[in-house]
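**Student:**
2 protein chains.
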Amino acid sequence: MLKMAIMGAGSIANKMAATITKMNDVEAYAIAARDAGRAAAFAEKYGFAKSYGSYEEMLKDPEVQLVYIATPHSHHYKCTKMCLEAGKHVLCEKAFTVNAEQAKEILKQAEDKKLLLTEAIWTRYMPSRNIINKLIADGTIGEVTSLTANLGYELSEVKRIWDTQLAGGALLDVGVYLVNFASMVFGKDLEHVQSEAVFKNGVDMIDNINMTFAGGKTASMQCNVHAVQNRQGTIFGTKGYIEITNINNPEKIKVFNDQYEEVLCCTPPEQITGYEYEVEACCKAIEEGRLECPEMPHKETIRVMEIMDEMRRSWGYEISTMK
Amino acid sequence: MLKMAIMGAGSIANKMAATITKMNDVEAYAIAARDAGRAAAFAEKYGFAKSYGSYEEMLKDPEVQLVYIATPHSHHYKCTKMCLEAGKHVLCEKAFTVNAEQAKEILKQAEDKKLLLTEAIWTRYMPSRNIINKLIADGTIGEVTSLTANLGYELSEVKRIWDTQLAGGALLDVGVYLVNFASMVFGKDLEHVQSEAVFKNGVDMIDNINMTFAGGKTASMQCNVHAVQNRQGTIFGTKGYIEITNINNPEKIKVFNDQYEEVLCCTPPEQITGYEYEVEACCKAIEEGRLECPEMPHKETIRVMEIMDEMRRSWGYEISTMK
Chain R
1 MLKMAIMGAG SIANKMAATI TKMNDVEAYA IAARDAGRAA AFAEKYGFAK SYGSYEEMLK
61 DPEVQLVYIA TPHSHHYKCT KMCLEAGKHV LCEKAFTVNA EQAKEILKQA EDKKLLLTEA
121 IWTRYMPSRN IINKLIADGT IGEVTSLTAN LGYELSEVKR IWDTQLAGGA LLDVGVYLVN
181 FASMVFGKDL EHVQSEAVFK NGVDMIDNIN MTFAGGKTAS MQCNVHAVQN RQGTIFGTKG
241 YIEITNINNP EKIKVFNDQY EEVLCCTPPE QITGYEYEVE ACCKAIEEGR LECPEMPHKE
301 TIRVMEIMDE MRRSWGYEIS TMK
Chain L
1 MLKMAIMGAG SIANKMAATI TKMNDVEAYA IAARDAGRAA AFAEKYGFAK SYGSYEEMLK
61 DPEVQLVYIA TPHSHHYKCT KMCLEAGKHV LCEKAFTVNA EQAKEILKQA EDKKLLLTEA
121 IWTRYMPSRN IINKLIADGT IGEVTSLTAN LGYELSEVKR IWDTQLAGGA LLDVGVYLVN
181 FASMVFGKDL EHVQSEAVFK NGVDMIDNIN MTFAGGKTAS MQCNVHAVQN RQGTIFGTKG
241 YIEITNINNP EKIKVFNDQY EEVLCCTPPE QITGYEYEVE ACCKAIEEGR LECPEMPHKE
301 TIRVMEIMDE MRRSWGYEIS TMK
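Quick mapping for you: the protein sequence lines, in order, are chains R and L.
Using UniProt numbering, the first residue of the first sequence is number 1, and each one after it goes up by one.
Using UniProt numbering, the first residue of the second sequence is number 1, and each one after it goes up by one.
(1) Identify, in the order they occur along the chain, each residue of the same chain with its Cβ nearer than 7 Å to the Cβ of residue 404 of chain R, setting aside the five sequence neighbours on each side.
(2) If we cut at 7 Å on Cβ distances, does serine 146 of chain L have a partner in chain R?
(3) Below 7 Å on C-beta distance, what does alanine 227 of chain R contact in chain L?
(4) Starting from the C-beta of arginine 124 of chain R, find all residues in its chain whose C-beta is less than 6 Å away, skip the five residues before and the five after it, and write them out in chain order.
(5) Using a 10 Å radius around the Cβ and a threshold of 16 neighbouring Cβ atoms, would you call cysteine 223 of chain L buried or exposed?
(6) Rank L/Phe42, L/Phe199, L/Val67, L/Tyr52 by C-alpha distance to the C-alpha of tyrosine 317 of chain L and give the top, closest one.
(7) Out of L/His73, L/Tyr241, L/Gln65, point me to the one whose CA is closest to glycine 10 of chain L's CA.
(8) What residue range does the beta strand (DSSP E) around phenylalanine 213 of chain R cover?
(9) From the DSSP output, read off the bridge partner residues of serine 51 of chain R.
(10) Taking its Cβ as the centre, do 16 or more other Cβ atoms sit within 10 Å of proline 250 of chain R, making it buried, or is it exposed?
(11) Using only alpha-carbon positions, find the residue among R/Asp189, R/Ile242, R/Ala227, R/Leu66 that is nearest to threonine 238 of chain L.
(12) Starting from histidine 298 of chain L, follow the beta strand (DSSP E) in both directions and report where the run begins and ends.
(13) Run down chain L in chain order and give the residues with a C-beta less than 9 Å from the C-beta of glycine 216 of chain R.
(14) Given this structure, state the Cα-to-Cα distance separating threonine 148 of chain R from arginine 231 of chain L, to the nearest angstrom.
(15) Do the CB positions of glycine 233 of chain R and aspartate 258 of chain R come within less than 7 Å of each other?
(16) Can you tell me which of L/Asn133, L/Ala214, L/Glu93, L/Asp138 puts its alpha carbon nearest to the alpha carbon of phenylalanine 181 of chain L?
(17) Which word fits valine 263 of chain L, buried or exposed, when buried means at least 16 other C-beta atoms lie within 10 angstroms of its C-beta?
(18) Taking the runs of the alpha helix (DSSP H) that are 4 residues or longer, which of them lie wholly in the stretch 65–121 of chain L?
(19) For alanine 95 of chain L and glycine 202 of chain R, what's the separation of their Cα atoms in angstroms?
(20) By Cβ distance below 7 Å, which residues in the same chain neighbour isoleucine 131 of chain R in space, the five residues on each side in sequence not counted?
(21) List, in chain order, every chain L residue whose beta-carbon is nearer than 7 Å to that of phenylalanine 42 of chain R.
(22) If you compare alpha carbons, which of R/Met7, R/Arg129, R/Asn99, R/Thr118 is closest to alanine 28 of chain R?
(23) Is it the case that the Cβ atoms of methionine 4 of chain L and glutamate 276 of chain L are separated by a distance below 7 Å?
(24) Helix, strand or coil for alanine 167 of chain R? Go by DSSP, reduced to three states.
(25) Just to confirm the assignment, what range does the beta strand (DSSP E) spanning isoleucine 242 of chain L have?
(26) What in chain R is Cβ-close to phenylalanine 256 of chain L, meaning under 9 Å?
(27) Between glutamate 119 of chain L and serine 51 of chain L, what straight-line distance do the alpha-carbon atoms span, to the nearest angstrom?
(28) Assuming contact is defined by CB atoms lying nearer than 7 Å, are tyrosine 68 of chain L and leucine 91 of chain L in contact in what I supplied?
(29) Would you kindly report the start and end of the unbroken beta strand (DSSP E) that includes glutamate 278 of chain L?
(30) Rounded to whole angstroms, what is the Cα-Cα separation between cysteine 83 of chain R and alanine 110 of chain R?
(31) Do you know offhand how far glycine 289 of chain L's Cα is from cysteine 282 of chain L's?
(32) Please work out which residues of its chain come closer than 6 Å, Cβ to Cβ, to threonine 97 of chain R, disregarding the five sequence neighbours upstream and downstream, and give them in chain order.
(33) Mind checking histidine 192 of chain R: buried by the 16 CB within 10 Å criterion, or exposed?
(34) Chain R beta carbons: is any one of them nearer than 7 Å to that of asparagine 210 of chain L?
(35) Is it buried or exposed for serine 220 of chain L, if we count other Cβ within 10 angstroms and need 16 for buried?
(36) Is there a Cβ from chain L that is less than 7 Å from the Cβ of glutamate 154 of chain R?
Next up, the structure:
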């Protein structure tokens with residue numbers, strides 16, 4: 001059984017801990033935080049065997065095989081590099097890095113080191129993805145021509161979001177799900193991206209994102225870090241449409257016909273938190289000796305980062321990088 | 001009681017006839033179509049006193065006071081001009097004209113002639129508008145920061161939509177409702193419009209429209225003439241959101257809190273078809289000697305046309321005008 005460690009002890013680390021302690025594929029082995037007391041309390045809470053007051057110390061532990069990086073995205077590049085240098089496989093939270101350049105560098109490093117490195121963009125690994133793909137492939141809603149989606153939370157109190165030093169803004173935090181959602185439905189042959197952002201305190205607060213793919217399939221999407229959004233994704237076809245309740249963690253996938261009548265309602269299987277799928281994918285890939293997960297290939301991670309880089313460039317928003 | 005005539009005998013004319021025959025404010029008096037037999041059958045069907053086989057003939061009838069123009073939007077400019085020259089008040093279907101230049105010209109003509117001329121963009125006159133405004137003003141969903149909306153139908157079989165000679169495309173047919181929806185919610189201080197269109201057979205088939213208003217309030221919207229859309233509008237605030245089922249004829253207006261729980265559901269009052277509100281507004285304006293309806297002032301009609309002109313210009317789509 002693979003021994004897993006978590007780097008960072010924030011809320012997302014807690015969610016991952018609550019997940020892996022219930023899984024059979026991995027052992028919830030170690031936690032590392034910059035504060036030893038905090039790390040110890042975390043280990044105690046979830047029954048982890050080891051706790052470390054520094055990332056370096058944890059990475060020296062030869063037992064650790066896979067590290068889940070749960071630090072802010074401004075730190076992903078640096079943290080991942082450290083893990084790879086220590087010979088650990090890595091599951092790194094989204095947004096993967098701050099820009100495509102960083103992503104390419106660490107993905108190259110992982111390939112050179114023959115280690116697994118994959119982006120923890122959980123929606124790519126979830127069963128909902130196959131449910132949606134199958135509904136589309138079955139022709140349930142005819143020919144699909146467009147989609148809309150939104151994702152947003154009232155995050156005024158979350159300081160990280162408003163901190164340019166921590167690569168704040170809506171795009172890297174929530175917008176990344178929109179880019180992934182449209183890409184999962186329409187594929188990788190993106191023809192055109194158009195976007196604009198409303199800025200507040202120097203960071204993008206609301207982003208309107210239009211993406212047009214091969215064959216004229218087009219997406220109109222919005223993310224927001226200063227409002228409660230219904231997180232709905234809707235895929236429109238010539239015979240009906242598919243409504244996804246919460247594109248960030250699909251709860252219901254409903255199909256409507258051209259009379260606006262609900263004709264089908266799919267509920268994804270019960271899950272621990274939804275994080276288990278990305279961890280399972282890591283275990284499987286490592287077992288099979290793969291350096292990437294087929295659910296989120298390296299080139300997809302890079303492509304998504306490049307799309308987001310291009311958007312920010314068009315807004316004149318430069319994020320400082322930490323190396 | 002105001003004697004009303006309908007110009008054109010297509011499906012929208014039928015809907016208007018079914019409306020005004022049930023109203024007390026107006027007399028469903030005359031129908032004019034280019035085919036006398038068709039006009040007579042229409043008059044017979046709805047119990048109209050008069051039918052005319054030409055628009056000119058109908059306009060010579062001194063009894064006709066208000067004309068509802070139900071021809072394709074490529075013909076609105078010409079038809080309205082004829083009515084005004086004949087001294088008739090006019091309720092003209094949306095999109096009001098093909099471009100702002102045409103709109104300005106006929107609105108000026110109406111003012112010179114001291115006649116009422118107003119755009120039949122029914123959502124502006126509906127009670128749902130006040131319900132939505134009140135929910136926002138009451139702070140039910142906190143500070144409103146953004147909205148999303150879509151409107152689309154599978155109209156492959158409707159030839160007019162795909163005919164550049166008839167000013168085809170999604171924008172003038174369905175997109176106009178999106179521009180009006182965002183404007184009704186966020187006001188007239190538009191700061192920026194960004195849009196792109198997917199073209200098919202020379203006309204815009206799907207439009208992604210972003211509109212940003214004063215104070216950074218922003219809308220992300222999509223219209224489509226080649227898919228069934230759920231026609232949903234959602235207004236997002238810091239404490240919750242408002243979901244409008246069918247922005248083209250609001251059926252339900254639901255409020256959700258920040259836990260995604262439905263806390264309120266408003267149903268607009270029962271209606272004949274929904275067209276009665278624009279007709280009532282005309283009757284009231286004419287009675288009060290006004291030249292415009294406060295629900296849709298002339299400058300708003302021009303503003304909306306200018307916004308749509310600008311969008312088409314950015315796509316390089318020129319619509320030929322009939323004068």
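All C-beta atoms in this analysis are idealised placements derived from N, C-alpha and C, irrespective of residue type, glycine included.
**Tutor:** The structure says:
(1) Examination of residue 404 of chain R is not possible in this model, given that chain R is present from 1 through 323 alone.
(2) Yes, contact with chain R.
(3) Ordered by position in chain L, the residues that pass the 7 Å Cβ test against alanine 227 of chain R are Thr145, Ser146, Phe236, Gly237, Thr238.
(4) Counting only Cβ-Cβ distances below 6 Å, and skipping sequence neighbours, we find Glu295, Met296.
(5) With 16 or more other Cβ atoms within 10 Å, it is buried.
(6) Taking each of L/Phe42, L/Phe199, L/Val67, L/Tyr52 in turn and checking the Cα distance to tyrosine 317 of chain L, the smallest one comes out for L/Phe199.
(7) The shortest Cα separation from glycine 10 of chain L among L/His73, L/Tyr241, L/Gln65 belongs to L/His73.
(8) For phenylalanine 213 of chain R, the enclosing beta strand (DSSP E) has its first and last residue at 203–213.
(9) R/Ile31.
(10) Answer is buried; the Cβ neighbour count reaches 16.
(11) For threonine 238 of chain L, the nearest C-alpha among the options comes from R/Ala227.
(12) That residue, histidine 298 of chain L, is in no beta strand (DSSP E); its alpha helix (DSSP H) goes 298–315.
(13) Annotation: Cβ neighbours of glycine 216 of chain R in chain L (cutoff 9 Å, chain order): Val198, Phe199, Lys200, Met205, Ile206.
(14) Rounded to whole angstroms, the separation of the alpha carbons of arginine 231 of chain L and threonine 148 of chain R is 11 Å.
(15) The answer is no: Cβ separation not under 7 Å.
(16) Minimum Cα distance to phenylalanine 181 of chain L is reached at L/Asn133.
(17) Per the 10 Å Cβ criterion, exposed.
(18) The stretch 65–121 of chain L contains these whole alpha helix (DSSP H) runs: 76–85, 100–113.
(19) Answer to the nearest angstrom: the Cα atoms are 39 Å apart.
(20) In chain order, Ile253, Cys266, Pro268 place their CB closer than 7 Å to the CB of isoleucine 131 of chain R, counting only its own chain and leaving out the 5 sequence neighbours on each side.
(21) Neighbours of phenylalanine 42 of chain R on chain L: none; closest Cβ ~27 Å, over 7 Å.
(22) Closest in C-alpha terms to alanine 28 of chain R, from the list R/Met7, R/Arg129, R/Asn99, R/Thr118, comes R/Met7.
(23) In this structure, methionine 4 of chain L lies away from glutamate 276 of chain L, with their beta-carbon atoms at least 7 Å apart.
(24) The answer is coil: DSSP assigns alanine 167 of chain R none of H, G, I, E or B.
(25) Where isoleucine 242 of chain L is concerned, the enclosing beta strand (DSSP E) stretches over 240–245.
(26) Those are Val228, Asn230, listed as they occur along chain R.
(27) One alpha carbon belongs to glutamate 119 of chain L, the other to serine 51 of chain L, and they sit about 24 Å apart.
(28) It is a contact, given that the beta carbons lie within the stated cut-off.
(29) Note, glutamate 278 of chain L: premise wrong, no beta strand (DSSP E); alpha helix (DSSP H) at 276–287.
(30) Each residue's CA atom was taken as its position, placing cysteine 83 of chain R and alanine 110 of chain R some 10 Å apart.
(31) Taking the straight line from one Cα to the other gives about 10 Å.
(32) For threonine 97 of chain R, where only same-chain residues beyond five positions count, the Cβ hits under 6 Å are His76, Tyr77, Ala103.
(33) By the neighbour-count rule (16 or more Cβ atoms within 10 Å), histidine 192 of chain R is not buried but exposed.
(34) Judged by the 7 Å Cβ criterion, asparagine 210 of chain L is in contact with chain R.
(35) With 16 or more Cβ atoms within 10 Å of its Cβ, serine 220 of chain L is classed as buried.
(36) Chain L contact via Cβ: present.
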